Amino acid sequence: MSRIALSPPVPDPTKIFQPGLFKGKVVFATGGGSGIVMEMVKALMQLGANGIIVSRTKEKIEASAAELSRETGQKCIGLAADVRSPDQLKEAVEKGVKVQGKIDFVICGAAGNFLAPISGLSENAFKTVIDIDTIRYLRSCQLGTYNTVKATMEYVKATHGAYIHVSATLHYRGLIFQAHASAAKAAVDALSQVVAVELGPFGVRSNIVAPGAILGTVGMDKLSKKQDGSSQMGDAMLGRWGQKSDISCMACYLFSDAGAWITGHKFVVDGGELHSPPMMTGVGGFPYPQAVIDPASVADMIKARL
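Printed below as a string of structure tokens:
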């Protein structure tokens with residue numbers, strides 16, 4: 023049971039923001055076929071935007087695009103591309119612009135994660151997560167993260183648009199078994215600030231949104247004891263775990279004119295979890311320090327979340 027007498031309401035962007043707020047706008051999103059990023063795209067489309075979503079699997083991303091179009095009445099196309107490939111991402115951007123005409127907003131949301139102690143983390147596994155989160159970005163900003171900014175920035179400059187980079191709270195305080203993801207997300211934060219500085223003179227903004235524990239996501243499935251969050255409800259200062267709409271509302275705010283003078287910053291949306299007493303049990307309720315002294319003793323717990 024929550025220790026909070028009254029938990030905050032779950033926000034609904036359609037009841038908070040003006041209808042048609044993003045009419046005529048186009049959002050391009052990597053990792054847009056599921057989870058938090060898909061919910062962000064959905065909220066923007068509910069408020070009038072059209073969408074271009076990208077993920078690796080053609081059938082899944084096309085199905086997600088059809089679902090978004092059906093639920094919002096707006097136009098969304100799904101394109102298959104691996105964000106680690108500059109050529110694939112560039113092709114996806116060009117196809118998307120050919121259909122939708124432009125790009126106003128970019129959500130860099132593709133990510134990869136799993137549980138592993140440093141002692142059991144291979145160089146290849148570490149590199150894979152770094153590649154997906156960071157490199158996707160820089161060419162997004164020049165390699166995953168670098169690949170998305172790089173592929174989209176001329177279009178975003180033309181519309182004086184904005185970027186949101188989906189980060190995490192892992193690296194704001196150390197969490198066991200998350201060296202790879204923490205390093206990747208720290209790099210994403212840094213890249214966003216560089217994008218803000220370099221593209222700011224062209225009227226382009228760049229910000230970080232760092233979600234806390236959000237129900238109904240792959241991350242929550244892997245890192246929490248129970249999907250309903252009941253095992254660690256008290257860790258959230260406001261008495262409930264996050265919902266995907268908590269993040270989508272932040273995206274709507276930052277992409278709207280209300281956020282027109284905000285760039286180069288990070289926004290933690292976690293119900294105050296970072297400021298709650300430290301979770302001495304570590305990520306996912308693993309016994310600390312036993313889990314790091316003897317990782318084999320929690321091998322079954324890790325395996326159950328992979």
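Numbering-wise (our numbering), the sequence shown opens with residue 23 and increments by one.
Cβ atoms here follow ideal geometry from the backbone N, Cα and C, with glycine treated the same way.
Since the structure is predicted, the reported quantities are computational estimates derived from the model, not experimental observations.
Touch test, the segment 265-281 against the segment 189-206, Cβ-Cβ under 8 Å, three pairs minimum: No: the two stretches stay apart, fewer than three of their Cβ pairs being nearer than 8 Å.
Alpha-carbon spacing of ILE125 relative to SER204, whole angstroms: On the sequence shown, position 103 is the one that residue 125 refers to. On the sequence shown, position 182 is the one that residue 204 refers to. The alpha-carbon separation between ILE125 and SER204 amounts to approximately 30 Å.
Member of GLN110, THR36, GLY183, GLY95 whose CA lies at the smallest distance from the CA of LYS80: As a working note, residue 80 is residue 58 in the sequence shown. Taking each of GLN110, THR36, GLY183, GLY95 in turn and checking the Cα distance to LYS80, the smallest one comes out for GLN110.
Integer Cβ distance of MET60 from CYS98, believed to fall under 8 Å: Residue 60 sits at position 38 when you count from the first residue of the sequence shown. Residue 98 sits at position 76 when you count from the first residue of the sequence shown. The C-beta separation of MET60 from CYS98 comes to about 10 Å, leaving the pair out of contact by the 8 Å criterion.
Complete beta strand (DSSP E) runs within the segment 85-127 (minimum length 3 residues, chain order): The qualifying runs are 98-102.
Candidates SER267, ILE75, GLN96, GLU89, of which the one nearest GLY118 by Cα: In the sequence shown, residue 118 corresponds to position 96, counting from 1. Looking at the Cα atoms, ILE75 is the closest of the given residues.
Chain D contact for GLY53 (CB, 7 Å cutoff): Protein chain content of the structure displayed is limited to a single chain, and chain D is not contained in it.
Extent of the continuous beta strand (DSSP E) to which TYR185 belongs: If you number the sequence shown from 1, residue 185 lands on position 163. Run containing TYR185: 184-188, per the beta strand (DSSP E) assignment.
Beta-bridge partners of VAL49, as assigned by DSSP: As a working mapping, residue 49 is identified with position 27 in the sequence shown. Checking the DSSP bridge columns, you'll see VAL49 partnered with GLY73, PHE127.
Selected residue, minimal CA-CA separation from GLY55, among SER86, PRO41, SER29: Looking up residue 55 in the sequence shown gives position 33. It is SER86.
Bridge partners - ARG227, DSSP secondary structure assignment: As a working note, residue 227 is residue 205 in the sequence shown. Under DSSP, ARG227 takes part in a beta bridge, and its partners are ALA184.
Continuous alpha helix (DSSP H) stretch holding PHE277: start and end: Indexing the sequence shown from 1 puts residue 277 at position 255. Note, PHE277: alpha helix (DSSP H), 266-277.
GLN215 versus PHE50: straight-line alpha-carbon distance, rounded: Within the sequence shown, numbered from 1, the residue matching residue 215 stands at position 193. Within the sequence shown, numbered from 1, the residue matching residue 50 stands at position 28. Straight-line Cα distance between these residues: approximately 20 Å.
Per-residue burial, SER319 [other beta carbons within 10 Å of its own, 16 or more giving buried]: The count along the sequence shown starts at 1 and reaches residue 319 at position 297. Under a 10 Å Cβ-count criterion, SER319 is classified as exposed, with fewer than 16 other Cβ atoms of the shown protein chains found around its own Cβ.
For ALA232, the three-state DSSP class (helix, strand or coil): For this step, residue 232 is matched to residue 210 along the sequence shown. Strand, per DSSP.
Cα-Cα separation between ARG106 and PHE127, rounded to whole angstroms: As a working note, residue 106 is residue 84 in the sequence shown. As a working note, residue 127 is residue 105 in the sequence shown. Take the alpha-carbon of ARG106 and the one of PHE127: they are about 20 Å apart.
Terminal residues of the alpha helix (DSSP H) in which VAL59 lies: The sequence position of residue 59 within the sequence shown is 37, counting from 1. Per DSSP, VAL59 belongs to the alpha helix (DSSP H) from 57-68.
CA nearest to the CA of SER91, picked from GLY70, ILE129, ASP279: By 1-based counting over the sequence shown, the position of residue 91 is 69. Minimum Cα distance to SER91 is reached at GLY70.
Residue burial classification, GLU176 (beta-carbon count within 10 angstroms, cutoff 16): The residue you call residue 176 lines up with position 154 of the sequence shown. Counting of Cβ neighbours within 10 angstroms places GLU176 among the exposed residues, the total staying below 16.
Cβ-Cβ distance between GLY286 and ALA208 below 7 Å: Residue mapping note: residue 286 aligns to position 264 of the sequence shown, counting from 1. Residue mapping note: residue 208 aligns to position 186 of the sequence shown, counting from 1. For GLY286 and ALA208, no; Cβs fall outside 7 Å.
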